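Chains as they are written, first to last, in the numbering used here: chain A, 1 to 205; chain B, 1 to 205; chain C, 1 to 205; chain D, 1 to 205.
We put the CB at the ideal spot given by N, CA and C, even for glycine.
Computed from a prediction, not measured in an experiment: that's the story for all the values here.
One structure is given below, encoded as structure tokens.
4 protein chains.
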Amino acid sequence: MIQAQTKRRLKQTNHGTKILEAAESIFAEKGFYLTTVEEIAQKADLGKGTIYLHFENKRGLFLSVIERKLDILLKKIERGIKKGKSPAEKIRLATEIHLNFLEKNRNFFKIIHIFSNQFKKGMGEELFKKVAAKNSRYLEILQDLIEQAIKGGEIKPLNSKKLAVILVGIVHSLTVYWISQNEKGSLFKDHLLAWEIFWEGAKAL
Amino acid sequence: MIQAQTKRRLKQTNHGTKILEAAESIFAEKGFYLTTVEEIAQKADLGKGTIYLHFENKRGLFLSVIERKLDILLKKIERGIKKGKSPAEKIRLATEIHLNFLEKNRNFFKIIHIFSNQFKKGMGEELFKKVAAKNSRYLEILQDLIEQAIKGGEIKPLNSKKLAVILVGIVHSLTVYWISQNEKGSLFKDHLLAWEIFWEGAKAL
Amino acid sequence: MIQAQTKRRLKQTNHGTKILEAAESIFAEKGFYLTTVEEIAQKADLGKGTIYLHFENKRGLFLSVIERKLDILLKKIERGIKKGKSPAEKIRLATEIHLNFLEKNRNFFKIIHIFSNQFKKGMGEELFKKVAAKNSRYLEILQDLIEQAIKGGEIKPLNSKKLAVILVGIVHSLTVYWISQNEKGSLFKDHLLAWEIFWEGAKAL
Amino acid sequence: MIQAQTKRRLKQTNHGTKILEAAESIFAEKGFYLTTVEEIAQKADLGKGTIYLHFENKRGLFLSVIERKLDILLKKIERGIKKGKSPAEKIRLATEIHLNFLEKNRNFFKIIHIFSNQFKKGMGEELFKKVAAKNSRYLEILQDLIEQAIKGGEIKPLNSKKLAVILVGIVHSLTVYWISQNEKGSLFKDHLLAWEIFWEGAKAL
DNA sequence: AATGAATGAGTCTTCATTCAT
DNA sequence: GATGAATGAAGACTCATTCAT
Chain A
1 MIQAQTKRRL KQTNHGTKIL EAAESIFAEK GFYLTTVEEI AQKADLGKGT
51 IYLHFENKRG LFLSVIERKL DILLKKIERG IKKGKSPAEK IRLATEIHLN
101 FLEKNRNFFK IIHIFSNQFK KGMGEELFKK VAAKNSRYLE ILQDLIEQAI
151 KGGEIKPLNS KKLAVILVGI VHSLTVYWIS QNEKGSLFKD HLLAWEIFWE
201 GAKAL
Chain B
1 MIQAQTKRRL KQTNHGTKIL EAAESIFAEK GFYLTTVEEI AQKADLGKGT
51 IYLHFENKRG LFLSVIERKL DILLKKIERG IKKGKSPAEK IRLATEIHLN
101 FLEKNRNFFK IIHIFSNQFK KGMGEELFKK VAAKNSRYLE ILQDLIEQAI
151 KGGEIKPLNS KKLAVILVGI VHSLTVYWIS QNEKGSLFKD HLLAWEIFWE
201 GAKAL
Chain C
1 MIQAQTKRRL KQTNHGTKIL EAAESIFAEK GFYLTTVEEI AQKADLGKGT
51 IYLHFENKRG LFLSVIERKL DILLKKIERG IKKGKSPAEK IRLATEIHLN
101 FLEKNRNFFK IIHIFSNQFK KGMGEELFKK VAAKNSRYLE ILQDLIEQAI
151 KGGEIKPLNS KKLAVILVGI VHSLTVYWIS QNEKGSLFKD HLLAWEIFWE
201 GAKAL
Chain D
1 MIQAQTKRRL KQTNHGTKIL EAAESIFAEK GFYLTTVEEI AQKADLGKGT
51 IYLHFENKRG LFLSVIERKL DILLKKIERG IKKGKSPAEK IRLATEIHLN
101 FLEKNRNFFK IIHIFSNQFK KGMGEELFKK VAAKNSRYLE ILQDLIEQAI
151 KGGEIKPLNS KKLAVILVGI VHSLTVYWIS QNEKGSLFKD HLLAWEIFWE
201 GAKAL
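Structure, rendered in structure tokens:
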């Protein structure tokens, strides 16, 4: 009896995850509009209708794909930077973790990139806002750390938000480049480069 | 008779431009897939069929929108950097021109951003390659300048391509931020910030 | 053991009735096509699959809803008109019972109304015919009575079937009106009006 | 040039009408839900998309089918009853015209019958209200005439609205019967029967 | 050249029905 | 018996593209 329950629950969980993973890879490959629900269902070895038992609609599925990964990334970063002793070191750790995650989750990065572009109009509801909020959470964490570093005299007194934006921009541009090069070599190694440019550029004299 | 011909040709040219401009603003607002040809035609005060006299299809129109602007930007940059005396100054000028252009052509930036995401699949032909090439031309120019600066001892001997990627990434992330802030203040002013971070981070000790 | 069996059988019977009653109210509210089996199951506090243990399919359930009520109505009428002494009085009694029943079973009337419209095509089988037959049984009863009244000189020698149709039409139109007025006042009271019009219009001079 | 314009306009008009007529017959045959837009398009010898150039959606088409016919019927009745000298005669004329129209437009009647049942929920907008209003316009005309007849002492002082409802009910029930009999004989001839029952039943003593 | 009516391929989404548990 | 997760057929509707005028 317990066995059966467990099995069923596992099965369900698996379905949700199976769908999210199938969706992730196809959305990453083709973008939101060229991806069909049918295709996702096939890749997940499920009927089309089953998708709709787990997600309200195609859009909801797309947002869920993002939400799931953002949660994981944020948790990793929040946990990881605790090891850093100074704000500066924490920032470096965040960059390192971020690039490491993107290397292992290239699909996710592609999707995040899509996200910011494909939903210009017609948003506004619950889930979208939640995802958008999570999306900018990382930026806030960085901004906080930068502010602390500025107060501690480690970083020049520049606009902390813009510095955070720049650091993320550096990380993203390296990722885009890495992906465009068909992902040769390790993206993770670039965290030192990213960090060096940012740090030397921003540190107090 | 010649008059009439001339007039007609002018008109045509105007049509092409009218369409490109209408398309630019709508693509920027709604992305590729949510934009309908009908809408573009209306904004251009033309019949839907007329669009197809000037562009092969919706996709071709989209690429043409990009191509036109990239041509202008590249010309501006190539011309502008001639005034710089050292590679370093040329790089700074390029950044300045780039941000200045993006500020004045926010629509274009949005479209470029879309470009890199919405055409994952089904590319391969002529026009697309041309646009992709132009798109990376700026990167090449920067890479060249950075290589020269490295040779001249102005910049640390790092990977020149990645440094170019990072610089463009800084510019783009600031632009995205500026747009997300509803374009308050001048984006152009940020070129000093972008430059400072990059230069201090990359310059030889 | 016997107890258990009995309980179970009772339970089953209850299930059938529970489903029929849930179905009746929802079909009445939303019509056949806008009603989902899921909804009926929920209202009946049962699983969706359970519906299919008791009825062949949605259509069969719909027809069963009608059949059950028609049985009750016909029995009431057949029993009730026995008290009438002349055919004329029996007709009046039938009208009275009919309107009384409709007042107390508005849902049923709405469903009957749907019935005649929503199954234009794809009928032909057993159950449908049975329901259609029952549906016209009342008309036959009336026609018989009218024929007797004609023979007895109480009613003008007009087409008895059409007279029956007219009488039912009067009853139905008053019911529709009553329902459209949000069922204010008593529909039952109108039986005198219905009867007066019909009787004065049809009675022999 | 004028030829061309005319031809085109005629063509358009024809399309609208062709669609309405195709829709009328199929809706009448199968009801709203079992009718597919595809089917209507085929019957009208047009592409599916063309339907949507002329009507907002399936529902709008359905309502338009009704609206068109109701307009014609109401005009006929309003014009026709002018010939009557007394309210009573006008009422008789209205009944005559009504039955005559239903005989010639059986499809329309079937659709009207559907109308009142299939749109229980989810209405509320413009077109629906307009159609509903037109639908009850005939009832109002009758009610007015009956009130005049009551004032003139031709008809007993009963509830004029209910009398109108009853008269329409008689007409409709005869039509339903006639249709159920596969439309043998002339429905039109029944107007005398309908009138006799109603008039003898309602007239002042 | 310019138009816009016509087209139908393509997609999301719903829901009756089945069947493993 | 009872369940409800899974299915996929079916259908409304959109929109890029064509082509007769």
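Query	Result
Nearest neighbour of I97(D), chosen from E147(D), N107(D), I81(D), S86(D) [CA to CA]	I81(D)
Cβ contact check for the segment 46-57 of chain D and the segment 130-137 of chain D: 3 or more pairs under 8 Å	no
9 Å Cβ cutoff, D45(B) in contact with chain A	no
Contact between the segment 88-104 of chain D and the segment 166-183 of chain D (3+ Cβ pairs under 8 Å)	yes
Nearest-angstrom beta carbon gap, I150(A) and P157(A) [assumed within contact, 8 Å]	5 Å
From L73(B), R59(B), L93(B), L34(B), residue whose alpha carbon lies closest to that of E125(B)	R59(B)
Helix, strand or coil at K203(D) according to DSSP, with G and I counted as helix	strand
Proximal residues to L46(B) (C-beta, below 8 Å), its chain only, five neighbours per side dropped	H15, K18, I19
Cutoff 9 Å: F198(D) Cβ touching any chain C Cβ	yes
Minimum Cβ-Cβ distance from Y138(D) to chain C less than 9 Å	no
Boundaries of the alpha helix (DSSP H) in which N159(A) is found, first to last residue	Taken as a continuous stretch (DSSP letters only), N159(A) belongs to no alpha helix (DSSP H), as it is neither H nor E.
Chain C within 9 Å of A133(D), Cβ atoms only	no
Pairwise C-alpha distance: E103(A) and L187(A)	6 Å
Check: E140(B) C-beta below 8 Å from any heavy atom of the ligand NAD	Among the components of this structure there are no ligands whatsoever, and the ligand NAD is therefore not found.
Identity of the residue in S180(D), K85(D), K203(D) nearest R106(D) by Cα	S180(D)
Reduced DSSP secondary structure (H/G/I, E/B, other) of Q181(D)	coil
Nearest-angstrom Cβ-Cβ length linking F109(A) and T175(A), presumed shorter than 8 Å	6 Å
Any chain D beta carbon closer than 9 Å to H172(C)	yes
Chain C residues whose Cβ lies nearer than 9 Å to that of A202(D)	E196, I197, E200, G201
Entirely enclosed alpha helix (DSSP H) segments - the segment 90-156 of chain D, minimum 4 residues	106-118, 126-151
Bounding residues of the alpha helix (DSSP H) (the contiguous stretch that carries E67(D))	58-80
Spatial distance of E21(C) from V65(C) (CA atoms)	8 Å
Separation of K30(C) from E67(A), as counted between CA atoms	38 Å
Assigned secondary structure, Q3(B) (DSSP; H/G/I helix, E/B strand, else coil)	Model confidence at Q3(B) stands at a pLDDT of 48, short of 50, so the residue's coordinates are unreliable; what they give is reported in the following sentence. Reduced to three states, the DSSP call for Q3(B) is helix.
Per-residue contacts from K165(A) into chain B (C-beta, under 8 Å)	What sits at residue 165(A) in the sequence shown is Val, not Lys. Under the 8 Å cutoff, chain B gives S173, L174, V176, Y177.
CA-to-CA distance, S116(C) to I111(D), given in whole angstroms	12 Å
Inter-residue CB distance, Q143(C) and A164(C) (contact presumed, cutoff 8 Å)	4 Å
Bounding residues of the alpha helix (DSSP H) (the contiguous stretch that carries T50(B))	48-54
9 Å Cβ cutoff met for K203(A) and A88(A)	yes
Host alpha helix (DSSP H) of K85(D) (start-end)	Per DSSP, K85(D) belongs to no alpha helix (DSSP H) and is neither H nor E.
Under 9 Å between C-beta atoms of G152(C) and I197(D)	no
Alpha carbon of L205(A) to alpha carbon of K161(A), nearest angstrom	20 Å
Backbone CA spacing between S173(A) and H113(B) [nearest angstrom]	12 Å
Simplified DSSP state of T175(C), which is helix, strand or coil	helix
Residue interval of the alpha helix (DSSP H) (run including K43(C))	37-43
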